[in-house]
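Read left to right, the sequence shown gives residues -10 to 46 (our numbering). One structure is given here, and the rest of the page talks about it.
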Amino acid sequence: MSTAVTSPGERTTSAGAGATSEEHAAEYRRRGWWRDETFLDDLHRRAREHPRRLAIA
């Protein structure tokens, strides 16, 4: 099951698309390769912290 982000904090799943085992996901998180935050989460957080700065994505 893969996860798609449609807006900050909102995620939808799709069975069979890019499936990763729970064990692999846990290992990736342990190593710091994966986080539960998305690019959109990061972008919105930085925009709140620095509302007058330009964001280039």
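We put the CB at the ideal spot given by N, CA and C, even for glycine.
Using the C-alpha atoms, what's the distance from residue j back to residue i?
i, j, result
"Ala121", "Arg20", "Since the displayed the chain opens at -10 and closes at 46, residue 121 lies outside it and no answer follows."
"Leu43", "Arg37", "12 Å"
"Tyr17", "Asp25", "11 Å"
"Phe28", "Ile45", "12 Å"
"Trp22", "His33", "21 Å"
Counting contacts by CB-CB distance shorter than 7 Å, is residue i in contact with chain D?
i, result
"Ala14", "No chain D is present in this structure, which holds just one protein chain."
Helix, strand or coil: how does DSSP classify residue i here?
i, result
"Asp25", "coil"
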